[in-house]
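Residue numbers (UniProt numbering): 1 to 395. For reference, the structure is listed below as structure tokens.
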Amino acid sequence: MKTVGILGGGQLGCMLASALHKLGAKVQFYDPDPISPAIERTNYCMQGNWEDKKKLEEFFASSDIVTYEFENVSVNLLEDICQSTGTKLFPSAQVLKTTQNRILEKSFLKNNHFPVCQFAFATNREEAKSIAQTFSYPFLLKTVTGGYDGKGQWFINNENDFNLFLHEFSQNFAPILFEEKIEIEMEASCIVARTADNSSICFPIFENVHKNHILYTTHLPASLPLAVQEKLKDIAKRAAEKLNVTGLLTTEFFLSRKINPYYDFEKVDDYYIYINEFAPRPHNSGHITLNACNFSQFDALARILLDIPLQTPILNEGFYCMGNLLGDIWLEQNNKYALNLNAWKKNPAVIDVVLYGKKEAKKNRKMGHFITKSTSKNGSSLQAEKFWRDLNENI
């Protein structure tokens with residue numbers, strides 16, 4: 001029986017653990033949070049901070065293989081620990097080095113001729129002022145490391161916004177990414193699962209909707225022409241191969257109908273395709289595979305970690321919508337700790353609800369998700385909206 005170590009004890013790690021347990025593996029977690037969701041699901045959870053080399057070495061040494069659901073760990077530290085313990089990390093620290101740093105990630109895309117929007121980096125205020133003159137408003141500013149669900153991002157509409165940004169960070173300016181704003185027609189993602197012997201499979205293309213930079217819904221099947229979907233899969237597979245990923249790689253895409261001469265894009269059926277970013281781990285949009293496919297993103301990663309052959313994902317019959325359950329609903333129900341699910345009885349199209357076991361609800365915090373199924377995309381979307389509405393009304 002293999003022991004799989006997971007860095008991070010949140011919902012992604014817990015759902016991966018369930019897939020690993022089905023295949024007979026022992027799972028242990030490493031997380032600094034003494035009340036992480038993983039604590040409730042296993043006796044094998046080591047608590048320690050992400051800089052504690054001694055504890056991390058102990059964790060790696062007691063694992064046959066290690067993966068991660070949390071990306072903000074020192075790559076140099078992970079490389080040292082992999083070398084000292086001989087334990088493999090999937091995906092590798094080299095993959096993580098590229099994907100956790102927006103400078104390296106964007107440079108990888110440009111240098112390998114992947115479709116990417118116009119971007120530039122500034123390391124100080126004077127560089128930032130100079131670069132701003134070469135960009136048209138509006139544009140985006142992003143931190144080089146960290147940041148998710150809209151954190152570490154600023155939307156700059158005009159020169160006044162930019163000057164306010166410079167003033168806010170006048171004393172502690174950090175390297176920043178400039179990114180041209182794309183007129184987005186649709187957002188999509190593709191998960192590639194790739195084994196140590198370089199074989200790979202693609203999950204169906206997910207159609208995503210974000211609100212306030214947080215994933216709101218994911219739809220399967222996507223309402224994109226098949227030629228566009230095949231191109232997205234091809235790009236995602238090439239990226240996983242070029243990065244030499246063993247494990248999962250999620251590629252997030254922007255699709256536009258408007259061309260810009262500064263962009264390096266791929267065009268299929270009047271859609272201009274750009275890569276937004278990568279995630280070398282299970283992805284929020286991939287939760288829909290738990291119900292919409294014959295096996296999930298977590299099953300695929302479990303097989304890779306346990307050296308079990310992959311199979312081609314098959315989309316189940318019907319139209320599916322995954323909706324996130326944010327802490328706002330708990331707060332709307334005036335309850336930080338438990339969700340009233342009475343609304344489920346009035347929503348038979350909701351075929352699954354998964355709560356992550358987080359101890360306290362907070363605004364915009366991902367506390368769970370649900371899946372609806374219908375005979376049409378519009379039907380599954382309307383059923384999701386109704387379920388949210390009923391939950392908020394606490395009926």
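Virtual Cβ for every residue (Gly too), placed ideally from N, Cα, C. Note that the structure is predicted; figures quoted are calculated from it, not measured.
Helix, strand or coil at residue i [DSSP, three-state]
i, result
"Ser63", "coil"
"Arg238", "helix"
"His167", "helix"
"Pro76", "For clarity, residue 76 is Asn in the given sequence; the question names Pro instead. Looking at Asn76 - three-state DSSP - the assignment turns out to be helix."
"Val228", "helix"
"Ser84", "helix"
"Ala25", "coil"
"Thr99", "helix"
"Cys45", "strand"
"Ile371", "strand"
"Ala120", "strand"
"Phe387", "helix"
"Gly13", "helix"
"Ile214", "strand"
"Ile39", "helix"
"Gly379", "helix"
"Phe108", "helix"
"Lys55", "helix"
"Asn394", "coil"
"Lys233", "helix"
Residues near residue i in its chain [Cβ-Cβ closer than 7 angstroms; skip 5 each side]
i, result
"Asn392", "Ile329, Glu332"
"Ser84", "Glu57"
"Ile308", "Leu23"
"Phe165", "Leu141, Trp154, Ile156"
Reference residue i; option with closest CA among the options
i, options, result
"residue 396", "Leu301, Asn294, Gly357, Tyr356", "For the chain, the structure presents residues 1 to 395; residue 396 sits outside this window and is missing."
"Ala188", "Gln229, Lys237, Pro309, Phe387", "Gln229"
"residue 413", "Gln28, Val73, Pro309, Asn260", "Because the chain spans 1 through 395 in this model, residue 413 falls outside it and cannot be assessed."
"Ser199", "Ala227, Asn158, Asn212, Leu248", "Leu248"
"Ile351", "Val66, Lys345, Thr372", "Thr372"
"Ile205", "Leu232, Glu126, Ala19, Gln28", "Leu232"
"Asp270", "Tyr320, Lys363, Lys242, Ala227", "Ala227"
"Val116", "Arg125, Ile103, Glu126, Asn124", "Ile103"
"Asp197", "Phe155, Phe108, Ile191, Glu241", "Glu241"
"Tyr216", "Asn364, Ile39, Met46", "Asn364"
"Ala239", "Val354, Val268, Lys267, Ala279", "Ala279"
"Leu326", "Phe370, Phe29, Phe298, Gly286", "Phe370"
"Ile81", "Asp52, Thr145, Gly146", "Asp52"
"Phe135", "Ala343, Lys181, Glu360, His21", "Lys181"
"Phe60", "Tyr30, Ile273, Asn111, Pro34", "Tyr30"
"Leu243", "Lys55, Ile259, Ile35, Asn111", "Asn111"
"Pro138", "Cys202, Asn157, Phe70, Arg303", "Asn157"
Sequence-distant residues of the same chain with beta carbon closer than 8 angstroms to residue i, five excluded per side
i, result
"Asn316", "Asn291, Ala292, Cys293, Asn294"
"Tyr356", "Gly10, Gln11, Cys14, Pro37, Lys366, Met367, Gly368"
"Phe319", "His219, Leu220, Pro221, Lys373, Ser374, Thr375, Ser376, Lys377, Gly379, Ser380"
"His113", "Asp264"
"Thr67", "Val4, Gly5, Ile6, Leu7, Leu16, Leu89, Phe90, Pro91, Gly247, Arg281, Leu301, Leu305"
"Ile184", "Phe254, Leu255, Ser256"
"Lys97", "Val75, Leu104"
"Gly152", "Lys142, Thr143, Gly146"
Cβ shell of residue i (< 6 angstroms), same chain only, five flanking positions each side left out
i, result
"Glu252", "Ser189, Asn276, Glu277"
"Ala122", "Ala128, Ile131, Ile176"
"Met186", "Leu255"
"Thr3", "Lys26, Ser63, Asp64"
"Lys55", "Gly48"
Buried/exposed call for residue i, threshold 16 Cβ in 10 Å
i, result
"Thr375", "exposed"
"Asn163", "exposed"
"Arg389", "exposed"
"Lys358", "buried"
"Ala174", "exposed"
"Met1", "exposed"
"Glu40", "exposed"
"Gln28", "buried"
"Arg194", "buried"
"Asp234", "exposed"
"Glu126", "exposed"
C-beta neighbour in chain C for residue i, strict 8 angstroms
i, result
"His113", "Looking at the structure shown, chain C is missing, and only one protein chain is on hand."
Closer than 7 angstroms: residue i CB and nearest the ligand HEM heavy atom
i, result
"Lys110", "Among the components of this structure there are no ligands whatsoever, and the ligand HEM is therefore not found."
- prompt: What are the uninterrupted segments assigned as alpha helix (DSSP H) that are 4 or more residues long and contained completely in the stretch 281 to 364, given in chain order?
  reply: 289 to 292, 297 to 305, 327 to 332
task: Counting only runs of 3+ residues fully inside the stretch 125 to 200, write out the beta strand (DSSP E) ranges in chain order.
output: 139 to 143, 153 to 156, 176 to 180, 184 to 194
- request: Would you list, in sequence order, the uninterrupted beta strand (DSSP E) runs of no fewer than 3 residues that lie entirely inside the stretch 243 to 280?
  value: 247 to 256, 266 to 268, 271 to 279
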